[in-house]
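**Q** Can you read through this structure? Questions will come right after.
Numbering (the numbering used here), first residue to last: 962 to 1082.
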């Protein structure tokens, strides 16, 4: 949870609409620089100066389902602090669609009605 001064400062920086959306989906307000977007439309942000250590990177999901399977592997490594450079700056991670990958993403149906249920004997 943030302090009132930090919340008001972020409200002034990001605007009322973005403030309301962050409070709805994240539960906290954050202001930072846009680092990049992935193939699914997720936006990745970073703020090194004002945030606590290991809380400087965050995601704005495009469809607001908050599922880690909706993130590309390169961006997942960056958001988890496994690599320092984001995939938009790293030449090895900037490959894009690999030959074995499907162009359309598959949703993780775990804990939903669409989840796989084996036949019980």
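Quick reminder that beta carbons are idealized off the backbone N, C-alpha and C, glycines included.
Does DSSP classify residue 1004 as helix, strand or coil?
**A** Against the chain shown, residue 1004 aligns to sequence position 43. Looking at residue 1004 - three-state DSSP - the assignment turns out to be strand.
**Q** Contact defined as beta carbons within less than 8 Å: I believe residue 1025 pairs with residue 1070. What is the distance between those atoms, to the nearest angstrom?
**A** Residue mapping note: residue 1025 aligns to position 64 of the chain shown, counting from 1. Residue mapping note: residue 1070 aligns to position 109 of the chain shown, counting from 1. Their Cβ separation, rounded to whole angstroms, is 17 Å, which puts residue 1025 and residue 1070 out of contact at 8 Å.
**Q** On a Cα-Cα basis, can you pick out the residue from 1047, 967, 1032 and 994 that is closest to residue 1065?
**A** One-based indexing of the chain shown puts residue 1065 at position 104. Closest in C-alpha terms to residue 1065, from the list 1047, 967, 1032 and 994, comes 1032.
**Q** In terms of DSSP beta bridges, what is residue 969 paired with?
**A** The residue given as residue 969 occupies position 8 in the chain shown. Bridge partners of residue 969: none, in fact.
**Q** Please list, in chain order, all residues of the same chain as residue 999 whose beta carbon is under 6 Å from its beta carbon, the five residues on each side excluded.
**A** Position 38 of the chain shown, counting from 1, holds the residue named residue 999. Counting only Cβ-Cβ distances below 6 Å, and skipping sequence neighbours, we find 1033 and 1036.
**Q** Please classify residue 1072 as buried or exposed, where buried requires at least 16 other C-beta atoms within 10 Å of its C-beta.
**A** To locate residue 1072, count along the chain shown from 1; it is residue 111. Under this definition residue 1072 is an exposed residue.
**Q** Can you give the beta carbon distance from residue 990 to residue 984, rounded, assuming they're within the 8 Å contact cut?
**A** Here the question's residue 990 lines up with position 29 in the chain shown. Here the question's residue 984 lines up with position 23 in the chain shown. At roughly 7 Å, the Cβ-Cβ gap stays under 8 Å, so residue 990 and residue 984 are in contact.
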